[in-house]
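From first to last, the protein sequence lines stand for chains A and B.
Letter by letter, the first sequence follows residues 1 to 347 of this note's numbering.
Letter by letter, the second sequence follows residues 1001 to 1347 of this note's numbering.
No residue lacks a Cβ here, since even glycine has one placed at the ideal position from N, Cα and C.
Keep in mind it's a predicted model, so treat the numbers as computed, not measured.
Worksheet: the structure to be examined is printed underneath.
Number of protein chains: 2
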Amino acid sequence: MANTDTNHGKRATIRGVASAAGVSIATVSRVLNGRPDVAPDTREAVLRAVREQGFSTNRNARALSGGRTGLIGVTIPRVEASYFGVILSGASEALYEQDMRIVLCPTLHQHEREVTLLDRLMRGTTDGAVLMLPEESSAELKALQREFPVVVVDPRVSLDEGIPVVSAAHAAGARAATEHLLSLGHRRIGAITGPPEWIASTDRLDGYRGALAAAGVMPDPALVAASDFRVGPATEAVAAAMLDLPDPPTAIFAFNDNVAVGVMRAARARGLSIPDDLSVVGFDDSELAEIVVPRLTTVRQPLAEMGRMAVSLLMRLLENQRVDALRIELATKLIVRESTAPVAVAR
Amino acid sequence: MANTDTNHGKRATIRGVASAAGVSIATVSRVLNGRPDVAPDTREAVLRAVREQGFSTNRNARALSGGRTGLIGVTIPRVEASYFGVILSGASEALYEQDMRIVLCPTLHQHEREVTLLDRLMRGTTDGAVLMLPEESSAELKALQREFPVVVVDPRVSLDEGIPVVSAAHAAGARAATEHLLSLGHRRIGAITGPPEWIASTDRLDGYRGALAAAGVMPDPALVAASDFRVGPATEAVAAAMLDLPDPPTAIFAFNDNVAVGVMRAARARGLSIPDDLSVVGFDDSELAEIVVPRLTTVRQPLAEMGRMAVSLLMRLLENQRVDALRIELATKLIVRESTAPVAVAR
DNA sequence: CTGTTAGCGCATTCAC
DNA sequence: GTGAATGCGCTAACAG
């Protein structure tokens, strides 16, 4: 069966290009992969043939033969949550630029699905993976990472060294938020954290306390409470309790924007005006921040950047095998809007 | 080089399984693909070997040889937008159940990227694709669809017949929203649409007008205005203009939730209370709807269902080649919250 | 029912 | 510098 040089029927293959250019497929492969050992004219001829036939390499074949699949797995708890969506978006842009594509794996926060999915990803479909908020333990991740390039983004709990991870500078962000409040004259500054075992809680708490200490403000344990990170009655109740304190705070630093919304609702329910009676700072700079009235002062996490950084780290892992900085923290930024104001003079 | 039966080094292959089970690789392939023509004991033996070796088929090899890749492309304008995220989430769930995976292609609303991405998807990486809001013309889509199974979700403009598409029942949803307002006694009901060339605008407008007509309410052209679908000053201005009419509406049907937020802001700026002075209905039931104060009455689109439906349509396309219902409209649902109330008696 | 034989499209030694 | 040959892991006709 002679192969037709003119691609009329099916997709162009390397063979067609080779014969059109009057060279062997090996040579075509070389120029396709940017090898240096090809004569300029030969390269030229091949490229022309490639162009004429609209050829592009079949990734499956390449994967089977060479190893690389050009696909990167991304596990994500929930696709519809824009928080993760933004990280994903950053990662996807970076990958697009590298001419690689994403295999999406929504885990729904279920450990079992993570395991299944990762297992599948490893079975030749994918060159590596970006993991968001995995429920895996450090041990599992470490074992995984031994046979499969992986980087974790925004881990929920503290991970062992040796596991590549990129996250936001929680402590620094929290410090900035607290300092902002302090600079407005607030001294009784409440903090509503997330789940105590999460990094996002502990690290931000460190920043909060650090800022207070640096300003010589005595921390009041009554002004620190935990909540989950969601909007809802639970969060509002926590906020309410704090506002009902005998000596209530004049400002509250909510450890994420959802919590901040809860605080605002609780305040409204008590007839407190924001920011006049109570200043509120959030964390994340989610879409909420612009929607809410008044618009929320908050700490922006570089979510998209984290996604980009994760893939660039992963890419280096795929090549060098050895990278110097395995753990990366990206700076946050305080976004001042309308929910914070100088503390009221008379109270 | 004799292949080691015990898989100690690398990943198990079909060959290893075959020799372990004492059969040929062809037989293994058969049971792997659920072919009926295998003796029960043979099948049993093979399955045991598969289990013992922790074998699973290399998808690249299968793709190269057989055709199927087990991958479905999904183009999405912006991953971080939860509107699309929810559709994606539905699609991804359905795909997960089918043991297929998503190759994600964010297009950023750029036609050029869509073309590039689709081109790549077709080059053997993917078995078919789900397209969200493509900028492609009907002609392009039709050509595409000829050589590549594709279904469009939530098209922005009207598409030629023959192109498989799943969308929400815009008109019916709008009718329900308008009827709700009518049942509350409203007669002067404004409508703020999206871009006039979008289906979401025209179809919903039909529903709005239909409901009005059915109730014997004369439509007032002054009560219909267009906006883009985003939150922002432009939308607020449109709403403001309508509220400043000599004979303003007592209710406004915003064609999506973003616009509804704009209406609420414009109303607040005029000292109008919602829902006492003005009822507002949105469309989409986005996250906003629950956040906004008062919480928004709106028409819920079955976004996740649309995603699921799109893949199930696609699956059938991949098998039968012929499907009866190529165009599917999913029902919407009116969600009544706090932004609508009976029309004020005295005005 | 089961084994044999060919490739799928490409990357990759090796020679030349 | 370039070409011929070999195999990646699997599916798909064919035979038997």
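1) Pairing CB atoms from the region 1322-1337 of chain B with CB atoms from the region 1296-1312 of chain B, are three or more of them under 8 Å?
2) Name the two residues that bound the continuous beta strand (DSSP E) containing PRO1155/B.
3) My parser needs the alpha helix (DSSP H) runs of 4 or more residues fully inside the region 1242-1317 of chain B; what are they?
4) What residues from the region 79-96 of chain A come within 8 Å of chain B, judged by C-beta to C-beta, listed N to C?
5) Could you give the C-beta distance for ILE973/B and GLY1190/B, rounded to a whole number, given that I count them as a contact under 8 Å?
6) Output the residue ranges of the alpha helix (DSSP H) runs that lie fully inside the region 1064-1146 of chain B and measure 4 residues or longer, sorted by chain position.
7) At a Cβ cut of 9 Å, what residues of the region 1246-1257 of chain B count as close to chain A, listed as they run along the chain?
8) Could you give the first and the last residue of the continuous beta strand (DSSP E) run that contains ALA1226/B?
9) Using the Cβ count rule (16 or more neighbours within 10 Å means buried), how would you classify MET1132/B?
10) Please list, in chain order, the chain B residues whose beta carbon lies closer than 7 Å to that of LEU317/A.
11) Can you find the residues in the same chain that come closer than 7 Å, C-beta to C-beta, to PRO249/A, ignoring five residues on each side of it along the sequence?
12) Suppose the cutoff is 8 Å on Cβ atoms and the five residues either side in sequence are ignored; what does the same chain contact list for ASP1005/B look like?
13) Helix or strand or just coil, what does DSSP make of GLU1236/B?
14) Alpha carbon to alpha carbon, what distance is there between ILE1072/B and THR1027/B?
15) Nearest-angstrom Cα distance between SER339/A and ARG295/A?
16) From the DSSP output, read off the bridge partner residues of ARG1327/B.
17) Suppose the cutoff is 6 Å on Cβ atoms and the five residues either side in sequence are ignored; what does the same chain contact list for ALA174/A look like?
18) Alpha helix (DSSP H) containing GLY190/A: first to last residue?
19) Below 8 Å between beta carbons: does that hold for LEU1317/B and VAL1151/B?
20) Where does LEU1212/B fall in DSSP's three states?
21) Could you work out which residues of chain B lie near VAL103/A, taking near to mean beta carbons separated by less than 9 Å?
22) CB GLY271/A to CB ALA239/A, shorter than 8 Å?
23) When you compare the CB of LEU288/A with every CB in chain B, is at least one pair closer than 8 Å?
24) Cβ of PHE255/A within 8 Å of Cβ of ILE199/A?
25) Taking the C-alpha atoms as reference points, what is the distance between MET1/A and THR69/A?
26) Expressed to the nearest angstrom, what Euclidean distance is found between the alpha-carbon atoms of VAL281/A and ALA177/A?
27) Assign VAL1036/B to one of two classes, buried (16 or more other C-beta atoms within 10 Å of its C-beta) or exposed (fewer than that).
28) Roughly how far, in whole angstroms, is the beta-carbon of GLY1128/B from the beta-carbon of PRO1106/B, given that I think they are within contact range, below 8 Å?
29) According to the neighbour-count rule (16 or more other Cβ atoms, all chains shown, within 10 Å of its Cβ), is HIS1109/B buried or exposed?
30) Closer than 8 Å is the cut-off here; do at least three beta carbon pairs connect the region 1152-1168 of chain B with the region 1112-1120 of chain B?
31) With a threshold of 8 Å between beta carbons, is ASN60/A in contact with chain B?
32) Which residue's Cα is closest to the Cα of VAL1157/B: THR1042/B, ARG1265/B, LEU1144/B and SER1137/B?
33) Just checking ARG123/A against the ligand MN - is the residue's beta carbon closer than 7 Å to any of the ligand's heavy atoms?
34) For ASP1244/B versus PRO1195/B, is the C-beta distance shorter than 8 Å?
35) On the DSSP letters alone, give me the boundaries of the beta strand (DSSP E) that LEU1334/B sits inside.
36) Between the Cα of PHE1055/B and the Cα atoms of LEU104/A, GLU52/A and GLY124/A, which residue gives the shortest distance?
Quick look at the numbers:
1) The region 1322-1337 of chain B makes contact with the region 1296-1312 of chain B, as at least three CB pairs between them are under 8 Å.
2) As a working note, residue 1155/B is residue 155 in the second sequence. Run containing PRO1155/B: none; DSSP gives neither H nor E here.
3) With a minimum length of 4 residues, the continuous alpha helix (DSSP H) runs that stay inside the region 1242-1317 of chain B are 1257-1269 and 1288-1291.
4) Answer in chain order: VAL79, GLU80, ALA81, SER82, GLY85, VAL86, LEU88, SER89, SER92, GLU93 and TYR96.
5) No statement about residue 973/B is possible, as the shown extent of chain B runs from 1001 to 1347 and does not include it.
6) Unbroken alpha helix (DSSP H) stretches of 4 residues or longer found wholly inside the region 1064-1146 of chain B: 1082-1097 and 1111-1120, given in chain order.
7) Answer in chain order: no residues at all.
8) Numbered from its first residue, the second sequence carries residue 1226/B at position 226. Going by DSSP, ALA1226/B is part of the beta strand (DSSP E) stretching over 1224-1226.
9) As a first step, residue 1132/B is located in the second sequence; it is residue number 132 there, counting from the start. Residue environment for MET1132/B: buried (at least 16 other C-beta atoms within 10 angstroms of its C-beta).
10) Looking up residue 317/A in the first sequence gives position 317. The contacting residues do not exist; LEU317/A stays about 20 Å from chain B at best.
11) To locate residue 249/A, count along the first sequence from 1; it is residue 249. Excluding residues within five positions, the ones whose Cβ falls inside 7 Å are ARG188, ILE189, GLY190, LEU223 and MET242.
12) The count along the second sequence starts at 1 and reaches residue 1005/B at position 5. Since pLDDT at ASP1005/B reaches only 35, below the 50 mark, its modelled position is unreliable, and the value read off the structure follows with that caveat. Excluding positions up to five away in sequence, the list reads GLY1016, SER1019 and ALA1020.
13) Here residue 1236/B refers to the residue found at position 236 when the second sequence is read from its first residue. Annotated three-state conformation of GLU1236/B is helix, per DSSP.
14) Your numbering for residue 1027/B matches position 27 in the second sequence. Your numbering for residue 1072/B matches position 72 in the second sequence. For the pair THR1027/B and ILE1072/B, the Cα-to-Cα distance works out to about 28 Å.
15) Position 339 of the first sequence, counted from the first residue, corresponds to residue 339/A. Position 295 of the first sequence, counted from the first residue, corresponds to residue 295/A. The straight-line gap from Cα to Cα measures roughly 6 Å.
16) Your numbering for residue 1327/B matches position 327 in the second sequence. Paired residue(s): VAL1165/B.
17) Here residue 174/A is taken as the residue at index 174 of the first sequence, counted from 1. Taken in chain order, the residues that qualify are ARG204, GLY207 and TYR208.
18) Start at 1 with the first residue of the first sequence, and residue 190/A comes out as number 190. First-last for GLY190/A: 189-193, but that is the beta strand (DSSP E), not the alpha helix (DSSP H).
19) Position 317 of the second sequence holds residue 1317/B. Position 151 of the second sequence holds residue 1151/B. Yes, the Cβ-Cβ distance between LEU1317/B and VAL1151/B is below 8 Å.
20) On the second sequence, residue 1212/B is found 212 positions in, with the first residue counted as 1. In the structure shown, LEU1212/B sits in a helix (DSSP, three-state: H, G or I).
21) Here the question's residue 103/A lines up with position 103 in the first sequence. Chain B residues near VAL103/A: LEU1071, ARG1101, ILE1102, VAL1103 and LEU1104.
22) Taking the first sequence and counting its residues from 1, the one referred to as residue 271/A is at position 271. Taking the first sequence and counting its residues from 1, the one referred to as residue 239/A is at position 239. Going by beta carbons, GLY271/A and ALA239/A fall outside the 8 Å limit.
23) Here residue 288/A is taken as the residue at index 288 of the first sequence, counted from 1. Taking 8 Å as the threshold, the shortest C-beta distance from LEU288/A to chain B falls below it.
24) Stepping through the first sequence from its first residue, residue 255/A is reached at position 255. Stepping through the first sequence from its first residue, residue 199/A is reached at position 199. Taking 8 Å as the cut-off, the Cβ atoms of PHE255/A and ILE199/A do not count as close.
25) As a first step, residue 1/A is located in the first sequence; it is residue number 1 there, counting from the start. As a first step, residue 69/A is located in the first sequence; it is residue number 69 there, counting from the start. Bear in mind that a pLDDT of 29 at MET1/A, under 50, signals an unreliable position, so the number given afterwards is only what the model happens to contain. The alpha-carbon atoms of MET1/A and THR69/A are separated by roughly 30 Å.
26) On the first sequence, position 281 is the one that residue 281/A refers to. On the first sequence, position 177 is the one that residue 177/A refers to. Note on geometry: alpha-carbon atoms of VAL281/A and ALA177/A lie some 7 Å from one another.
27) Taking the first residue of the second sequence as position 1, residue 1036/B is located at position 36. Looking at the sequence itself, residue 1036/B is Pro, so the reference to Val does not match. Flag for PRO1036/B reads exposed.
28) The sequence position of residue 1128/B within the second sequence is 128, counting from 1. The sequence position of residue 1106/B within the second sequence is 106, counting from 1. So it is not a contact: roughly 18 Å between Cβ atoms.
29) Mapped onto the second sequence, residue 1109/B falls at position 109. With a threshold of 16 other beta carbon atoms within 10 Å, HIS1109/B falls short and is exposed.
30) No: the two stretches stay apart, fewer than three of their Cβ pairs being nearer than 8 Å.
31) Taking the first residue of the first sequence as 1, we reach residue 60/A at position 60. Answer yes: the Cβ-Cβ gap between ASN60/A and chain B drops below 8 Å somewhere.
32) Within the second sequence, the letter at position 157 stands for residue 1157/B. Minimum Cα distance to VAL1157/B is reached at SER1137/B.
33) For the ligand MN, the structure offers nothing, since it holds no ligand at all.
34) Working through the second sequence from its first residue, we reach residue 1244/B at position 244. Working through the second sequence from its first residue, we reach residue 1195/B at position 195. The criterion of a C-beta distance shorter than 8 Å is not satisfied by ASP1244/B and PRO1195/B.
35) Counting from one through the second sequence, the residue named residue 1334/B turns up at place 334. Counting along the chain, the unbroken beta strand (DSSP E) around LEU1334/B starts and ends at 1333-1335.
36) Position 55 of the second sequence, counting from 1, holds the residue named residue 1055/B. The candidate whose alpha carbon is nearest that of PHE1055/B is GLY124/A.
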